[in-house]
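The structure appears right after this line, and notes come after that.
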Amino acid sequence: MSRSSICLAALSAPVAANKLGPPSPACQAQPSGTGGGRGGGTGGREGLSCTDRVLVRVQDLIPEKADQLIWLRARVHTSRAKGKQCFLVLRQQQFNLQALVAVGDRASKQMVKFAANITKESIVDVEAFVRTVEQKIESCSQQDVELHIERIFVISQAEPRLPLQLEDAVRPDGDGEEEGRATVNQDTKLDNRVIDLRTTTSQAIFRLQSGVCQLFRDTLTEKGFVEIQTPKIISAASEGGANVFTVSYFKTSAYLAQSPQLYKQMCICGDFEKVFCVGPVFRAEDSNTHRHLTEFVGLDIEMAFSYHYHEVIDSITDTMVRIFKGLRDNFQTEIQTVNKQFPSEPFKFLEPTLRLEYTEAVAMLHEAGVEMGDEEDLSTPNEKLLGRLVKEKYDTDFYVLDKYPLAVRPFYTMPDPNNPKYSNSYDMFMRGEEILSGAQRVHDAQLLTDRANHHQIDLEKIKAYIDSFRYGAPPHGGGGIGLERVCMLYLGLHNIRQTSMFPRDPKRLTP
Ligand code: ATP
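Here the sequence shown stands for residues -17 to -1, 1 to 494, where the numbers follow mature numbering (1 follows the signal peptide of the UniProt record, and there is no 0).
Dropping the structure here:
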């Protein structure tokens, strides 16, 4: 039998799958008539066409539905034959429930065998009675009911050998080692991402990630920001020549955008006042770390301000706090699900958000025994140590570090008017790791030219950018946030590949 063909078999009338005629695409799971199977004494139900049939959702199967006859389409999560019975766990996304096929009036011995032989991960349609159970079924999301199957049809059959077992992929590290139970390493999960995405943990992670994007969009839209789209193929590297992917572009070459930086600023010069964008960002960094990807999703913000760049910081921190609250209030199930496999402390934040100056952070590090210069950039270990010190002192996992040394920031950063060694720039941190870099930008074409010269940037290549400031530009600032980092750190995960659906890093370009 071709795997792509639809295999139909009615519980009450076992029909060998390979004797069935070609699938009827319009009504693939129809138990009788056009599908080729025989309903076999199912009373009035034979006349039902599948377009009249209502498929229920697993999460809606609760005790109130007891004794109803329902249709359900789901995957076979597990199956276990025991004497004259076969217990199945049927799964839809993160929800599952127990189902039973038992030899009796409605099912023959062959049908129990048929059900037991359906391969794990196959998609089936079942017609079944919902029954309440005496003892809670702890291993399923629907603990108070089970299904007593009347008929079962295979809609899409999975190959018998799965590249990984879903229950192994969600086992916490070290759990069950004594009993010899397996866990699945990350590369195997990523190599077989489609299967791995079916796990409760992945379902929860990417639902929460969708929540972050939604909350980001909703909050900024409510604040009067306009969502923009910026080009990803660009003629000049936005942050200088390093870390940029070159692509061939007809008879010449182009670059993949390292950030939407220059374009979102140009939109400010084009009088949009407050803009944001959500889109891919490319970095040709050979960084094989837990927090670097070569392609990630940038959540970018840029806005004109009235009198002080702290208006920008306040807008961004308010947006982040709205995201944290939205996740806390609407994604508890997802957070708990991820926590089962990867335990972590709940994410803490303050209102208003804690803002420290760079010099204060350096002083805290000095006090903790770290040797570093006042104008030196924060190394990753120092960044993490600072996160721990801040947590101990202020009890927050989210804070802003303001007034970075000018020397460690990009050319378009506004110097601090009161101290030329520092700048009106900031980073934001979650659980001691950077999630955002931002600044007030230079909006004066001459100063921008001087700063670019200072950084030895070829002015010719950024002419269009510098020219945008020649015809009047409001004071403005913004920042770029890494979506995968926000999700990783909010959930207390330790590898960014877990929060990238199909991660790209120096060693991985597929799937
Ligand atoms: P890092 O110092 O951690 O390499 P960066 O200073 O290069 O980061 P920016 O260029 O300022 O980062 O980018 C802004 C934000 O984009 C970062 O705070 C982070 O959230 C995200 N980001 C930057 N580089 C990466 C990357 N390679 N992979 C995933 N996210 C990234």
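Even for Gly, the Cβ is constructed at its ideal location relative to N, Cα and C.
Predicted, not measured: the structure shown is a model, and the values here were computed from it.
When DSSP labels each residue in this structure, what does residue i get in the three-state scheme?
{"i": "phenylalanine 208", "result": "coil"}
{"i": "arginine 266", "result": "coil"}
{"i": "tyrosine 341", "result": "helix"}
{"i": "phenylalanine 112", "result": "strand"}
{"i": "glutamate 354", "result": "coil"}
{"i": "histidine 131", "result": "strand"}
{"i": "leucine 145", "result": "coil"}
{"i": "histidine 459", "result": "strand"}
{"i": "lysine 331", "result": "coil"}
{"i": "arginine 305", "result": "helix"}
{"i": "alanine -8", "result": "Low confidence applies here, because alanine -8 scores a pLDDT of 41, under 50, leaving its location unreliable; read the following figure in that light. The answer is strand: DSSP assigns alanine -8 an E or B state."}
{"i": "lysine 48", "result": "helix"}
{"i": "isoleucine 449", "result": "helix"}
{"i": "threonine 482", "result": "helix"}
{"i": "cysteine 196", "result": "helix"}
{"i": "aspartate 179", "result": "helix"}
{"i": "alanine 435", "result": "helix"}
{"i": "threonine 235", "result": "strand"}
{"i": "serine 298", "result": "helix"}
{"i": "lysine 247", "result": "helix"}
{"i": "phenylalanine 189", "result": "helix"}
{"i": "aspartate 201", "result": "helix"}
{"i": "valine 41", "result": "helix"}
{"i": "arginine 491", "result": "strand"}
{"i": "lysine 119", "result": "coil"}
{"i": "lysine 444", "result": "helix"}
{"i": "alanine 9", "result": "Below a pLDDT of 50, predicted positions are generally treated as unreliable, and alanine 9, at 35, falls in that range; no measurement from the model is reported."}
Residues in the same chain with beta-carbon distance under 7 angstroms from residue i, minus the five sequence neighbours each way, listed in chain order, please.
{"i": "arginine 181", "result": "Leu149"}
{"i": "arginine 487", "result": "Leu276, Thr277, Glu278"}
{"i": "leucine 198", "result": "Arg305, Ile306, Gly309"}
{"i": "threonine 166", "result": "Asp151, Arg154, Asp156"}
{"i": "isoleucine 418", "result": "Met411, Phe412, Ile464, Gly465, Arg468, Val469, Leu472"}
{"i": "threonine 115", "result": "Pro46, Ala49, Asp127, Val128"}
{"i": "threonine 482", "result": "Ile188, Gln192, Glu467, Cys470, Met471, Leu476"}
{"i": "serine 185", "result": "Asp179"}
{"i": "serine -14", "result": "With a pLDDT of 36 at serine -14, under the threshold of 50, the modelled position of this residue cannot be trusted, and the question is left open."}
Suppose the cutoff is 6 angstroms on Cβ atoms and the five residues either side in sequence are ignored; what does the same chain contact list for residue i look like?
{"i": "methionine 347", "result": "Leu372"}
{"i": "arginine 56", "result": "Leu38, Asp108"}
{"i": "arginine 190", "result": "Glu317"}
{"i": "glutamine 126", "result": "Lys119, Ile120"}
{"i": "residue 550", "result": "Absent from the model: residue 550. The displayed extent of the chain is -17 to 494, so no value can be given."}
{"i": "leucine 282", "result": "Phe199, Val261, Ile464, Leu466"}
{"i": "isoleucine 251", "result": "Glu285, Ala287, His459"}
Let me check understanding here. Comparing Cα to Cα, which of the options lies closest to residue i?
{"i": "serine 193", "options": "Val383, Ile53, Asn313, Glu350", "result": "Asn313"}
{"i": "leucine 339", "options": "Met286, Ser327, Phe412, Ala85", "result": "Phe412"}
{"i": "proline 335", "options": "Asp433, Ile299, Gly66", "result": "Ile299"}
{"i": "glycine 370", "options": "Leu389, Lys331, Glu205, Lys404", "result": "Lys331"}
{"i": "arginine 63", "options": "Val41, Thr102, Val37", "result": "Thr102"}
{"i": "leucine 52", "options": "Met355, Lys367, Arg36", "result": "Arg36"}
{"i": "arginine 424", "options": "Arg392, Glu416, Arg414, Asp441", "result": "Arg392"}
{"i": "alanine 111", "options": "Leu80, Tyr395, Tyr290", "result": "Leu80"}
{"i": "asparagine 271", "options": "Val41, Arg491, Arg40, Asn407", "result": "Arg491"}
{"i": "leucine 368", "options": "Glu358, Glu350, Arg58", "result": "Glu350"}
{"i": "methionine 484", "options": "Ala187, Lys206, His293", "result": "Ala187"}
{"i": "proline 146", "options": "Leu130, Asn168, Tyr246", "result": "Asn168"}
{"i": "leucine 430", "options": "Glu416, Pro457, Ile445, Tyr395", "result": "Tyr395"}
{"i": "proline 364", "options": "Gln248, Gly415, Phe70", "result": "Gly415"}
Could you name the residues of the same chain whose beta carbon sits closer than 8 angstroms to that of residue i, not counting the 5 residues immediately before and after it, in chain order?
{"i": "histidine 477", "result": "His273, Phe325, Met471"}
{"i": "leucine 203", "result": "Glu210, Lys257, Phe259, Ile284, Thr302"}
{"i": "asparagine 175", "result": "Pro146, Leu147"}
{"i": "glutamine 68", "result": "Leu83, Val84, Ala85, Val86, Val95"}
{"i": "serine 124", "result": "Val41, Gln42, Gln77, Phe78, Asn79, Leu80"}
Along the alpha helix (DSSP H) that carries residue i, what are the first and last residues, could you check?
{"i": "tyrosine 232", "result": "From DSSP, tyrosine 232 is part of no alpha helix (DSSP H) but of the beta strand (DSSP E) over 229 to 232."}
{"i": "cysteine 470", "result": "466 to 473"}
{"i": "valine 95", "result": "92 to 99"}
{"i": "glutamate 104", "result": "Here glutamate 104 belongs to no alpha helix (DSSP H), and DSSP marks it neither H nor E."}
{"i": "aspartate 174", "result": "169 to 174"}
From what residue to what residue does the beta strand (DSSP E) around residue i run?
{"i": "threonine 61", "result": "52 to 65"}
{"i": "asparagine 79", "result": "78 to 85"}
{"i": "arginine 74", "result": "68 to 75"}
{"i": "valine 280", "result": "278 to 287"}
{"i": "threonine 316", "result": "Counting along the chain, threonine 316 falls outside any beta strand (DSSP E), though it belongs to the alpha helix (DSSP H) covering 315 to 324."}
- Item | beta strand (DSSP E) runs wholly inside the region 359 to 433, at least 3 long, in chain order | 381 to 385, 402 to 406, 408 to 413, 416 to 423
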